[in-house]
Amino acid sequence: LAAIELLHSASCIIDDILDGDTVRRGIASFHVREGQPRAQLVSLEAVLLPFYLQNQTMTREIYQAARLMLQGEAFDPFNFHDVTAHLDNEDDLLESYSLKTYPSFATAHKIIGIAYEADAENISALGEYGTYLGKYYQYANDFHDTFSIPAEVRGNPEDKVRVNLSMPLIIAITKDNNYQKMVGQVIYRKDLAQLFEQMRTEYIHEEAKQLLEETGKKVVSACPGKFNPELELLVNTVGNSKFWGYSYDIS
89 LAAIELLHSA
99 SCIIDDILDG
109 DTVRRGIASF
119 HVREGQPRAQ
129 LVSLEAVLLP
139 FYLQNQTMTR
149 EIYQAARLML
159 QGEAFDPFNF
169 HDVTAHLDNE
179 DDLLESYSLK
189 TYPSFATAHK
199 IIGIAYEADA
209 ENISALGEYG
219 TYLGKYYQYA
229 NDFHDTFSIP
239 AEVRGNPEDK
249 VRVNLSMPLI
259 IAITKDNNYQ
269 KMVGQVIYRK
279 DLAQLFEQMR
289 TEYIHEEAKQ
299 LLEETGKKVV
309 SACPGKFNPE
319 LELLVNTVGN
329 SKFWGYSYDI
339 S
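When you line the sequence shown up against our numbering, it's residues 89 to 339, in that order.
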């Protein structure tokens with residue numbers, strides 16, 4: 089599992105560099121603290137270290153996860169305008185976008201099954217559960233980043249930021265193509281706050297919240313074995329704005 093944690097950490101470093109994000113979980117992003125050259129080298133090393141595992145089956149699973157996560161990173165946001173020409177609906181867009189996150193969750197759970205010599209059916213069930221958990225984690229992060237942060241907390245309104253792809257923005261794009269033009273654009277932070285408020289007035293907030301809740305239910309239903317009340321607590325915790333470092337709730 090440490091190997092998967094390294095892979096996920098590497099993906100976060102790469103994601104921040106590609107998106108131009110300077111803050112992660114309330115502190116300066118790794119490439120901001122250590123410099124971009126070192127961040128690139130550290131992320132490369134973190135990706136390679138898991139391949140020292142002696143178990144070939146585990147190594148193969150990690151390789152597959154890394155490959156899928158790279159596809160997800162490539163989708164967001166620089167070639168997004170080219171990719172969307174070949175995708176027909178919201179589900180396809182969300183699937184391609186969430187590739188940058190959920191493969192590490194799915195693989196972490198499959199490796200547990202491999203380590204305990206579970207049969208193929210149970211390993212697959214663990215992977216499905218991890219997939220839904222990873223998607224839920226990404227959607228919750230996007231939802232609260234979009235709708236839970238007051239404008240005054242986001243930073244200097246005159247600073248410029250890049251408009252990054254997110255679950256709510258994908259929903260907005262499927263409703264109005266004008267949103268697609270914003271992806272990857274560098275705009276003032278105050279204009280980004282206005283964009284998010286516009287999405288709220290157009291009821292994107294409600295649709296995004298519904299998708300988040302539906303995915304949370306899939307996490308619980310996909311969990312192998314008997315129902316575990318602690319899993320519902322986990323889902324509720326991840327779905328709450330406070331989990332992401334925000335001390336306020338949403339309506």
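Even glycine gets a Cβ: it sits at the ideal position worked out from N, Cα and C.
Beta-carbon contacts of residue i that lie in its chain and below 6 Å, excluding the five residues immediately before and after
i	result
T189	G222 and Q226
T145	I202
Closest Cα partner of residue i within the set the options
i	options	result
D247	T219, I261, Y267 and R277	R277
V326	E122, N229, V130 and Y151	N229
P312	E122, G272 and Y220	Y220
I258	E178, L280 and Q298	E178
T234	D180, A194 and L280	L280
Cα-Cα separation, residue i to residue j
i	j	result
L132	A162	16 Å
E295	Q142	45 Å
L353	V271	This structure does not reach residue 353, given that the chain is present from 89 up to 339, and the question cannot be answered.
E302	V251	26 Å
Y217	F118	30 Å
P256	L322	22 Å
T147	Y291	44 Å
M157	S99	8 Å
L129	N210	37 Å
Q124	D207	43 Å
P191	F284	28 Å
S212	G243	43 Å
G304	K297	11 Å
I261	T289	15 Å
D104	S309	32 Å
F193	Y151	14 Å
A196	L182	21 Å
Y224	N324	11 Å
D109	P245	16 Å
V111	E149	30 Å
E122	V249	20 Å
Assigned exposure category for residue i - 16 Cβ within 10 Å defines buried
i	result
Y336	Note that Y336 has pLDDT 37, beneath the 50 cutoff, so the model's placement of it is unreliable and no number is given.
E318	exposed
D264	exposed
V274	exposed
K198	buried
S184	buried
E205	exposed
V307	buried
I102	buried
Close beta carbons around residue i, own chain, < 7 Å, minus the five adjacent residues each side
i	result
R126	none
V135	L95, A98 and A154
Y334	For Y334, the pLDDT reaches just 46, beneath the cut-off of 50, and the residue's location in the model is therefore unreliable, although a value from the coordinates is still provided. Excluding sequence neighbours, Y334 sits near H232, S236 and I237.
Assumed close pair residue i, residue j - CB separation to whole angstroms, cut-off 8 Å
i	j	result
G340	L187	Because the chain spans 89 through 339 in this model, residue 340 falls outside it and cannot be assessed.
Other residues of its chain near residue i: CB distance less than 8 Å, five sequence neighbours each side excluded
i	result
E320	V308
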